[in-house]
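Okay, so the sequence shown: first residue is 0 according to numbering that gives the first Met the number 0, each after it adds one. For each residue, glycine too, the CB sits at the ideal point set by N, CA and C. Everything on this sheet refers to the single structure shown next.
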Amino acid sequence: MGHHRIKYVFLGRQLGARSEDPACYEKGRVQYPRLAKTPLFLEGIERIMRGADAYRITLMCAEKDPIECHRALLVSRKLFELGIPVNHILHDGAIQTHEELESRLLSMCNLPDGDMFTSRDEFIAQAYSIQGNRVAYQDEVMAEQKKVLQS
Numbered sequence: 000m001g002h003h004r005i006k007y008v009f010l011g012r013q014l015g016a017r018s019e020d021p022a023c024y025e026k027g028r029v030q031y032p033r034l035a036k037t038p039l040f041l042e043g044i045e046r047i048m049r050g051a052d053a054y055r056i057t058l059m060c061a062e063k064d065p066i067e068c069h070r071a072l073l074v075s076r077k078l079f080e081l082g083i084p085v086n087h088i089l090h091d092g093a094i095q096t097h098e099e100l101e102s103r104l105l106s107m108c109n110l111p112d113g114d115m116f117t118s119r120d121e122f123i124a125q126a127y128s129i130q131g132n133r134v135a136y137q138d139e140v141m142a143e144q145k146k147v148l149q150s
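Right under this line is the structure:
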């Protein structure tokens, strides 16, 4: 990669989906809104933002569709909220803006763009929650420990 002027920086500890912080879990499942507020996560976001001043940043994932990946549901969401333009490269090479991904997320969760009583942003938050619970890391050991403590 070096001869193509590509640098790899691992930020899995800061931005990964498997937090070591028990406060980020509910019934053994990572809760992305909690994870997004941790100092470690915010440190990772800050690192990306600093890097973007000097480099073109790309976040890589193994999933075919970014809507199935925590990087879109957690990391890209936070960057987008901070006003950072985010584009997703789909498996066929097509580019999808983060706003387009959010529209697709609404559709996938059978939620409208908004209605008379609920804003689009509220429906988007609901869609993130639904999809986040579908794809979030599940720690079976932590789930069992929680059951034992509640007994």
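Legend entry - Burial state of G131, where buried means 16 or more other Cβ atoms lie within 10 Å: With 16 or more Cβ atoms within 10 Å of its Cβ, G131 is classed as buried.
Inset, instruction - Would you mind listing the beta strand (DSSP E) stretches within the stretch 49–93 that are 3+ residues and don't spill past its ends, in chain order? - result: The stretch 49–93 contains these whole beta strand (DSSP E) runs: 86–88.
Inset, instruction - Tell me whether the beta-carbon of V134 lies closer than 8 Å to the beta-carbon of L72. - result: With contacts defined as CB atoms closer than 8 Å, V134 and L72 qualify as a contacting pair.
Inset, instruction - Taking only the alpha-carbon atoms, compute the straight-line gap between H3 and T57 and give it to the nearest angstrom. - result: When rounded, the distance between both Cα atoms is 14 Å.
Legend entry - Exposed unless 16 or more other CB atoms sit within 10 angstroms - verdict on S75: Answer is buried; the Cβ neighbour count reaches 16.
Inset, instruction - Taking all protein chains shown into account, decide if V29 is buried (16 or more other Cβ within 10 angstroms of its Cβ) or exposed. - result: Classified as buried, V29 has 16 or more neighbouring CB atoms from the shown chains inside 10 Å of its CB.
Legend entry - Three CB pairs or more closer than 8 Å across the stretch 117–127 and the stretch 93–106: Yes: the two stretches touch, three or more of their Cβ pairs being nearer than 8 Å.
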